[in-house]
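First residue of the sequence shown? That's 2 in this note's numbering, and the numbers climb one at a time after it.
The beta carbon of each residue, even a glycine, is placed where N, CA and C say it ideally should be.
The structure displayed is predicted, hence computed values, not measured ones.
Comments concern the structure below.
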Amino acid sequence: MSNTSSFAVERHPTPVAASERATLLENPGFGQLFTDHMVTMRWSEDAGWHDGKVSARKPIEMDPATAVLHYAQEIFEGMKAYRIEEGGSALFRPDRNAARFRSSARRLAMPELPDELFLEAIELLVETDADWIPPGEGAALYLRPFMFASEVFLGVRPAKEYLFVVIASSVGAYFKGGAAPISLWVSHDYNRAGPGGTGAAKCGGNYAASLLPHGQALSNGCDQVCFLDAATHEYIEELGGMNLFFVMEDGSLVTPPLTDTILEGITRDSLIQLARDAGHEVREEPYAFAQWMEDAQSGRCTETFACGTAAVVTPVGTVKSEKGTFTVGDGAKAGPTTVKLHQTLERIQRGESNDAHGWVKRLGES
Ligand SMILES: *Cc1c(COP(=O)(O)O)cnc(C)c1O
Numbered sequence: 002m003s004n005t006s007s008f009a010v011e012r013h014p015t016p017v018a019a020s021e022r023a024t025l026l027e028n029p030g031f032g033q034l035f036t037d038h039m040v041t042m043r044w045s046e047d048a049g050w051h052d053g054k055v056s057a058r059k060p061i062e063m064d065p066a067t068a069v070l071h072y073a074q075e076i077f078e079g080m081k082a083y084r085i086e087e088g089g090s091a092l093f094r095p096d097r098n099a100a101r102f103r104s105s106a107r108r109l110a111m112p113e114l115p116d117e118l119f120l121e122a123i124e125l126l127v128e129t130d131a132d133w134i135p136p137g138e139g140a141a142l143y144l145r146p147f148m149f150a151s152e153v154f155l156g157v158r159p160a161k162e163y164l165f166v167v168i169a170s171s172v173g174a175y176f177k178g179g180a181a182p183i184s185l186w187v188s189h190d191y192n193r194a195g196p197g198g199t200g201a202a203k204c205g206g207n208y209a210a211s212l213l214p215h216g217q218a219l220s221n222g223c224d225q226v227c228f229l230d231a232a233t234h235e236y237i238e239e240l241g242g243m244n245l246f247f248v249m250e251d252g253s254l255v256t257p258p259l260t261d262t263i264l265e266g267i268t269r270d271s272l273i274q275l276a277r278d279a280g281h282e283v284r285e286e287p288y289a290f291a292q293w294m295e296d297a298q299s300g301r302c303t304e305t306f307a308c309g310t311a312a313v314v315t316p317v318g319t320v321k322s323e324k325g326t327f328t329v330g331d332g333a334k335a336g337p338t339t340v341k342l343h344q345t346l347e348r349i350q351r352g353e354s355n356d357a358h359g360w361v362k363r364l365g366e367s
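Set out below in structure tokens:
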């Protein structure tokens, strides 16, 4: 690609004033405070990718017959830009998000956005709204690229027009209370994904399917729902939006293998590498729920944690299901391996420690 940008930049005529922004950034919450700008780009069968721009963030006007509203042809990504110590900001493995966005697009029969356009859109938005990256531990600019079928048509077939959008949200720590363990409700009634389905794609439809069991987790006093495999209901898969790791007494780690029912987390992949770097054996192998319960009770499984971009690493304490309740470790605080891996990863993401794998992409100072 040449040096000319694929995106026109139309700055917000009346952005939020610096003093007001500073007040808002003191307590940003998660996913409720948005920046001044957004990126958009269109795709049509005739014109391909076109009309890229950065412009003032505003509502998207839609015809009621827009395809996504009826058949949910939509995919998304989640990534973070961190403020780094020596100034400027950094993205963590953005090339992996670009590649995953293309593979999600393939599964949902959507056009693949070339990686260089995905990355340019992300970097432009972070540079334009860099002042919205909150200061403080656990804080970041959460980026939400997404794409949906924008064609006005009620027939059932892949749409012929799509809109790609990137918005950004200033966020604090995902789970209030930081590293306090979360509780899981293991669903024996519902599955997140089935063989041959869309479980490995990052699409809104998977989340829609997870909301009823998530509500059941909440009404059982738990924070998150943990899904089992749809075929046998025996093996642990993942949470609605996070992968799982189990730490064994001998220091080895187990995580469910990537199948078409598990989302290939970039945090998961990074932690496998960091754990191996630190001398842990990591096995990607099926782990049965009954085995987990037995191992937690016997002390063979000493720690369990969930991971994903939003919450990074979150310890699991209490586990409930209709088959009984148990705790992992003492249930009250994160175990040492969980804490160590969390810190190692966060320090790399924030540019505070050696980036041996070349994962951090630094962006210019604002
Ligand atoms: C996004 C997501 C994850 C975590 O992926 P990361 O790349 O680590 O953020 C895990 N499971 C599901 C279902 C997801 O949608």
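So, helix, strand or coil for residue i, using DSSP?
| i | result |
| --- | --- |
| Val-69 | helix |
| Pro-146 | strand |
| Ser-188 | strand |
| Met-63 | coil |
| Phe-154 | coil |
| Ala-19 | helix |
| Met-294 | helix |
| Ile-237 | strand |
| Thr-260 | coil |
| His-38 | strand |
| Leu-229 | strand |
| Leu-212 | helix |
| Glu-86 | coil |
| Phe-93 | strand |
| Arg-120 | In the sequence as displayed, the identity of residue 120 is Leu instead of Arg. In this structure, Leu-120 counts as helix in the three-state DSSP scheme. |
Under 8 Å between the Cβ atoms of residue i and residue j?
| i | j | result |
| --- | --- | --- |
| Thr-305 | Val-329 | yes |
| Ser-45 | Glu-162 | yes |
| Pro-257 | Glu-239 | yes |
| Pro-136 | Arg-84 | yes |
| Glu-117 | Gly-365 | no |
| Met-80 | Leu-144 | yes |
| Ala-160 | Ala-48 | no |
| Arg-277 | Cys-308 | no |
| Met-42 | Ser-56 | no |
| Pro-146 | Val-167 | yes |
| Val-320 | Phe-327 | yes |
| Asn-28 | Gly-139 | no |
| Gly-325 | Glu-86 | no |
Would you list the residues sitting across from residue i in a DSSP beta bridge?
| i | result |
| --- | --- |
| Pro-316 | Phe-306 |
| Arg-43 | His-51 and Leu-164 |
| Tyr-288 | The partner list for Tyr-288 (beta bridge, DSSP) is empty, contrary to what the question assumes. |
| Asn-244 | Cys-308 |
| Gly-325 | Ser-322 |
| Val-172 | Ala-141 |
Looking only at its chain, what residues have a beta carbon closer than 8 Å to the beta carbon of residue i, apart from the 5 residues adjacent to it on each side?
| i | result |
| --- | --- |
| Leu-120 | Pro-95, Asp-96 and Ala-99 |
| Leu-25 | Val-17, Leu-34 and Ser-171 |
| Glu-11 | Lys-54, Val-55, Ser-56 and Ala-57 |
| Ala-289 | Glu-235, Tyr-236 and Ile-237 |
| Gly-300 | Glu-250 |
| Asp-130 | Thr-36, Asp-37, His-38, Leu-142 and Ala-169 |
| Asp-52 | Thr-41, Met-42 and Arg-43 |
| Leu-109 | Gln-74, Glu-75, Ile-76, Thr-199, Ala-202 and Cys-204 |
| Leu-125 | Ser-6, Phe-8, Val-10, Val-40 and Val-55 |
| Gly-30 | Val-172 and Gly-173 |
| Ala-23 | none |
Excluding the five sequence neighbours on either side, which residues of its own chain have a C-beta within less than 7 Å of the C-beta of residue i, listed in chain order?
| i | result |
| --- | --- |
| Ser-105 | Ile-76, Ala-202, Lys-203 and Cys-204 |
| Ser-3 | The pLDDT assigned to Ser-3 is 46, lower than 50, so where the model puts this residue is not dependable; a value taken from the coordinates is nonetheless given after this. So no residue of the chain qualifies. |
| Leu-342 | Leu-272, Leu-275, Ala-276 and Val-314 |
| Glu-286 | Val-255 and Pro-258 |
| His-13 | Asp-37, His-38 and Ala-57 |
| Lys-362 | Ala-91, Leu-92 and Pro-95 |
For residue i, which residues from the same chain have a beta carbon less than 6 Å from its beta carbon, with the 5 sequence-adjacent residues on both sides left out?
| i | result |
| --- | --- |
| Ile-349 | Asp-356 |
| Gln-231 | The residue you asked about is not Gln; residue 231 is Ala in the sequence shown. Around Ala-231: Asn-192 and Gly-195. |
| Lys-334 | none |
| Glu-282 | Ser-253 |
| Ala-122 | Val-40 and Val-167 |
Classify residue i as buried or exposed, calling it buried when 16 or more other Cβ atoms lie within 10 Å of its own Cβ.
| i | result |
| --- | --- |
| Asn-192 | buried |
| Arg-101 | buried |
| Gly-241 | buried |
| Pro-65 | exposed |
| Lys-59 | exposed |
| Glu-235 | exposed |
| Asn-244 | buried |
| Ser-253 | exposed |
| Ser-20 | exposed |
| Gln-74 | buried |
| Thr-5 | exposed |
| Leu-155 | exposed |
| Gln-225 | buried |
| Ser-151 | buried |
| Ser-448 | Outside the displayed range of the chain (2 to 367) lies residue 448, so it cannot be described from this structure. |
| His-189 | exposed |
| Asp-296 | buried |
Check the Cβ-Cβ distances between residue i and every residue of chain B, and say whether any is below 8 Å.
| i | result |
| --- | --- |
| Phe-154 | The displayed structure is made up of one protein chain only, and chain B is not part of it. |
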